[in-house]
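J.: According to my numbering, the sequence shown holds residues 1 to 67 in order.
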Amino acid sequence: MISLRELTKENYLDCIRLNLHPEQEENLASNAITIAQSRFETDYRLKVIYEKESMRPMNPRGGVVNV
Numbered sequence: 001m002i003s004l005r006e007l008t009k010e011n012y013l014d015c016i017r018l019n020l021h022p023e024q025e026e027n028l029a030s031n032a033i034t035i036a037q038s039r040f041e042t043d044y045r046l047k048v049i050y051e052k053e054s055m056r057p058m059n060p061r062g063g064v065v066n067v
């Protein structure tokens with residue numbers, strides 16, 4: 001089962017460790033940058049994708065979902 005969960009102090013390091021697909025690196029910020037930006041952008045609500053109990057990259061290959 002796929003679920004969206006809050007980014008927390010317990011899972012943010014796992015999220016940072018997820019890599020972008022090489023073809024996305026020019027167009028998307030890393031998860032670390034997105035997490036840092038969320039500290040200053042008050043409308044950011046970061047979620048992470050889980051499949052069962054494992055964090056998964058965003059399709060096609062990413063990490064954090066800003067909803």
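Glycine included, C-beta positions come from ideal geometry on N, C-alpha and C.
Could you tell me whether the Cβ atoms of residue 16 and residue 32 are closer together than 7 Å?
T.: Position 16 of the sequence shown, counting from 1, holds the residue named residue 16. Position 32 of the sequence shown, counting from 1, holds the residue named residue 32. In contact: residue 16 and residue 32 (Cβ atoms closer than 7 Å).
J.: Would you mind sorting residue 23 into buried or exposed? The rule is 16 or more other CB atoms within 10 Å of its CB.
T.: By 1-based counting over the sequence shown, the position of residue 23 is 23. Exposed: under 16 other Cβ atoms inside 10 Å.
J.: Quick check on DSSP: helix, strand or coil for residue 41?
T.: Within the sequence shown, the letter at position 41 stands for residue 41. Reduced to three states, the DSSP call for residue 41 is coil.
J.: Pick helix, strand or coil for residue 6, following the three-state DSSP scheme.
T.: For this step, residue 6 is matched to residue 6 along the sequence shown. The answer is strand: DSSP assigns residue 6 an E or B state.
J.: Report the residue from 52, 45, 21, 41 whose alpha carbon sits nearest the alpha carbon of residue 7.
T.: Here residue 7 refers to the residue found at position 7 when the sequence shown is read from its first residue. The shortest Cα separation from residue 7 among 52, 45, 21, 41 belongs to 45.
J.: How is residue 18 classed by DSSP in three states: helix, strand or coil?
T.: Counting from 1 along the sequence shown, the entry for residue 18 is found at position 18. It is coil, neither helix nor strand.
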